[in-house]
Ligand code: SF4
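Numbering (this note's numbering), first residue to last: -6 to 204.
Following this line, the structure appears as structure tokens:
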């Protein structure tokens, strides 16, 4: 999904390991308890075992997450951290929570949009649906994104355009891993990007080609 956000940034960072944020570690650990009474102290004990040395300021963040999630009803997971693969498309991923017959959810350490779903999350759900369909031989209509900080579970019905974007991102991914530098997209999220200077010259080239 990082390819979708900006393939150029993904190209620059393709060999950097992904570090899990402390906030994600908190949300992820809380997610194992969704559907049962949430005990912040018990969750924090687990978090500090999983991530020893985590900033204790995150304890307050956990309290906020617990307060938000306590206001909602959640389904208990039948399985957690289920690895799924699609050999046809050469992709693999992890489903955070399987909550029913074919129903699944992914958890996020970010708040939800007022309405709708972030494009990266749409693609994440679509890619997981593609894998699940191949593994089970059944259609998968969509999946749920569980925003832990504000306690919002939002179902996304996968659309053909989501599936198309997954396939397009895959093509770009393979080209990048073959060493090809992609063009900066016209709607790239360049504000506050650390590669702005590096991209400035190629963006100029791109505009001159277009105009
Ligand atoms: S400056 Fe813009 S085009 Fe370049 S890597 Fe960053 S987001 Fe992508």
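Each residue gets a CB set at the ideal place from its N, CA and C atoms; glycine is no exception.
Return the bridge partner residues of residue 88 from the DSSP annotation. Locating residue 88 in the chain shown gives position 95, where the first residue counts as 1. Answer is 75.
Confirm the yes/no value for this check: CB of residue -1, any heavy atom of ligand 1, distance under 8 angstroms. As a position in the chain shown, residue -1 is number 6, starting the count at 1. In this structure, ligand 1 has a non-hydrogen atom nearer than 8 angstroms to the beta-carbon of residue -1.
Using the three-state DSSP reduction, which class does residue 102 fall into: helix, strand or coil? Stepping through the chain shown from its first residue, residue 102 is reached at position 109. Correct three-state label for residue 102: coil.
With respect to 8 angstroms, is the separation between the Cβ of residue 181 and the closest non-hydrogen atom of ligand 1 below this value? Here residue 181 corresponds to residue number 188 of the chain shown, with the count starting at 1. Indeed, a heavy atom of ligand 1 lies less than 8 angstroms from the Cβ.
N- and C-terminal bounds of the beta strand (DSSP E) containing residue 146: Sequence index remark: in the chain shown, residue 146 carries index 153 (1-based). Residues 145 to 150.
Classify residue 21: buried if its beta carbon has 16 or more other beta carbons within 10 angstroms, exposed otherwise. Residue mapping note: residue 21 aligns to position 28 of the chain shown, counting from 1. Residue 21 comes out buried.
Just to confirm the assignment, what range does the beta strand (DSSP E) spanning residue 137 have? By one-based count along the chain shown, residue 137 stands at place 144. Boundaries of the beta strand (DSSP E) around residue 137: 135 to 140.
Within 10 angstroms of its Cβ, does residue 129 collect 16 or more other Cβ (buried), or is it exposed? On the chain shown, residue 129 is found 136 positions in, with the first residue counted as 1. Label assigned to residue 129: exposed.
Looking at residue 159 and residue 136, is the spacing between their C-beta atoms short of 9 angstroms? As a first step, residue 136 must be located in the chain shown, where it is residue number 143. As a first step, residue 159 must be located in the chain shown, where it is residue number 166. By the CB criterion at 9 angstroms, residue 136 and residue 159 fall outside the cutoff.
Taking only three categories from DSSP, how would you classify residue -1? For the purposes of this step, residue -1 is identified with residue 6 of the chain shown, where counting begins at 1. Reduced to three states, the DSSP call for residue -1 is coil.
Could you please give the first and the last residue of the uninterrupted alpha helix (DSSP H) stretch that includes residue 12? Taking the chain shown and counting its residues from 1, one reaches residue 12 at position 19. That residue, residue 12, is in no alpha helix (DSSP H); it is neither H nor E in DSSP.
Cα-Cα separation, residue 188 to residue 32: Locating residue 188 in the chain shown gives position 195, counting from the first residue. Locating residue 32 in the chain shown gives position 39, counting from the first residue. Here the C-alpha atom of residue 188 lies approximately 42 angstroms from the C-alpha atom of residue 32.
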